[in-house]
Amino acid sequence: MTDKGSRDFEDLIAEGASVPTEGWDFSWFEGRAGEARPSWGYATTMAGWLGRADAVLDVQTGGGEVFGFALANAPRRPRLAVATEGWPPNVAKATALLRPRGVAVVASSEDAPLPFADGTFDLVVSRHPVEPPWGEIARVLEDGGVYFAQHVGPGSVRELVEHFLGAQPDERRDARHPDRERRAAEAAGLEIVDLRAERLRVEFHDIAAVVHFLRKVIWTVPGFTVGAYLPRLRALHERIGTEGAFVAHSTRHLFHARRGGAGRTAHL
Numbered sequence: 001m002t003d004k005g006s007r008d009f010e011d012l013i014a015e016g017a018s019v020p021t022e023g024w025d026f027s028w029f030e031g032r033a034g035e036a037r038p039s040w041g042y043a044t045t046m047a048g049w050l051g052r053a054d055a056v057l058d059v060q061t062g063g064g065e066v067f068g069f070a071l072a073n074a075p076r077r078p079r080l081a082v083a084t085e086g087w088p089p090n091v092a093k094a095t096a097l098l099r100p101r102g103v104a105v106v107a108s109s110e111d112a113p114l115p116f117a118d119g120t121f122d123l124v125v126s127r128h129p130v131e132p133p134w135g136e137i138a139r140v141l142e143d144g145g146v147y148f149a150q151h152v153g154p155g156s157v158r159e160l161v162e163h164f165l166g167a168q169p170d171e172r173r174d175a176r177h178p179d180r181e182r183r184a185a186e187a188a189g190l191e192i193v194d195l196r197a198e199r200l201r202v203e204f205h206d207i208a209a210v211v212h213f214l215r216k217v218i219w220t221v222p223g224f225t226v227g228a229y230l231p232r233l234r235a236l237h238e239r240i241g242t243e244g245a246f247v248a249h250s251t252r253h254l255f256h257a258r259r260g261g262a263g264r265t266a267h268l
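Going by UniProt numbering, the first residue of the sequence shown is number 1, and it counts up by one from there.
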């Protein structure tokens, strides 16, 4: 590699390592990485659900960007809107974004019980929960209440994961399989109304985008640091320089589930 190429690599690595990671605003990636979006248009569809709900909870809201967008585009605001988040930088970002819109943001770790009474909400939403707390979701929903969410599916960006970690065991690739999640939801007392899955193209155009992505989406390569993976980062940088964008594929699935019984949203 030429000296110029080496400097380019080092500059890109430094840039990717310096970008703040809080929240779920992915605008920094524009022109550097891209991901096709699922056909169902989650945030826009969620806005329609919000217009028919009385009390709504957004679980693991991140920086509140998706929930805030949906609220801003809802035809009618719910009487009560609450969001939970466990990572302190995201709690601060979500609070700053959502509190002026009348949303209470509650700091709650992902593995803790949801800090709400049974049957508080007629709608629970979530975009990309780390692990859906099915029992807690069912508990805080009223009879007839709806869970509407977009989940990360099995083997998402597998090509990127395996570049850094090698071939993965089946149990990791299948951990987020929608059939497994369906069974867990049903075991918690939820009825699956609709479940859809899609596989979507992802492109990374430079190594800075890869570094930022791995720092932001921390479960992709657990424990990722630039220092630990520098040789693999350099190899991928050279591959992008030779072959063009690195292509991977994300997986997403849409959940529409309902707690049995006749409640405010049972007719939806």
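C-beta atoms are modelled at their ideal positions from N, C-alpha and C, and glycine is treated no differently.
Endpoints, the beta strand (DSSP E) within which residue 82 is located: 80 to 85
When the Cα atoms are used, what is the spatial distance from residue 203 to residue 113? 37 Å
Every unbroken alpha helix (DSSP H) within the segment 27 to 66, with a cutoff of 4 residues, ordered by chain: Whole alpha helix (DSSP H) segments, 4+ residues: 42 to 50.
I'd like to know if the segment 247 to 255 and the segment 34 to 50 are in contact, where contact means that at least 3 CB-CB pairs between them fall below 8 Å. Segments in contact, yes.
Could you give the DSSP three-state label for residue 251: helix, strand or coil? strand
Length at least 4, wholly inside the segment 195 to 263: the alpha helix (DSSP H) runs in chain order: 207 to 216 and 230 to 243
Beta-carbon spacing of residue 47, residue 70 below 8 Å: yes
Residue from 197, 232, 198 and 186 with nearest C-alpha to residue 207: 232
If you follow the alpha helix (DSSP H) that residue 128 is part of, which residue opens it and which one closes it? That residue, residue 128, is in no alpha helix (DSSP H); it is neither H nor E in DSSP.
Between which two residues does the alpha helix (DSSP H) carrying residue 177 extend? Residue 177 -> no alpha helix (DSSP H), and no H or E assigned at all.
Whose CA, out of 96, 168, 195 and 214, lies closest to the CA of residue 158? The candidate whose alpha carbon is nearest that of residue 158 is 168.
With distances taken from CA atoms, which of 160, 249 and 240 is nearest residue 224? Closest by alpha carbon: 160.
Contact belief for residue 110 with residue 150 at Cβ below 8 Å, rounded distance in angstroms: Contact flag wrong, Cβ pair sits at about 17 Å.
Going straight from the alpha carbon of residue 17 to that of residue 212, what length do you get? Going by the C-alpha atoms only, they are around 6 Å apart.
Is it right to say residue 27 is buried, meaning 16 or more other beta carbons lie within 10 angstroms of its own, or is it exposed? exposed
Check the DSSP bridge columns for residue 148 and list the partner residues they point to. 125 and 256
Looking only at its own chain, which residues have a Cβ that is under 8 Å from the Cβ of residue 268, when we skip the five neighbours before and after it? Because residue 268 sits at a pLDDT of 47, beneath the cut-off of 50, its placement in the model cannot be relied upon, and the following sentence gives the value as read from the coordinates. 49, 52 and 146, listed in sequence order.
Relative to the C-alpha of residue 122, which candidate in 235, 241, 81 and 99 has its C-alpha closest? Comparing Cα positions, the closest option is 81.
Residue 19, DSSP secondary structure in three states: coil
Beta-carbon within less than 6 Å of residue 215's beta-carbon, same chain only, minus the 5 sequence neighbours each way: which residues are those? 21
Looking at C-beta atoms only, is the number of pairs between the segment 29 to 40 and the segment 72 to 88 that lie closer than 8 Å three or more? no
In the structure shown, what three-state DSSP assignment does residue 1 receive? Legend: pLDDT at residue 1 = 40, less than 50; position of this residue unreliable, value from coordinates given subsequently. Residue 1: coil per DSSP, three-state reduction.
Nearest candidate by alpha-carbon position, reference residue 197, set 229, 88 and 250: 250
What residues in its chain sit with their C-beta under 7 Å from that of residue 104, if we drop five residues either side in the sequence? 82
Whose C-beta lies closer than 7 Å to the C-beta of residue 176 among residues of the same chain, with five residues either side of it excluded? 151, 152, 153 and 154
What's the gap between the Cα of residue 23 and the Cα of residue 84? 13 Å
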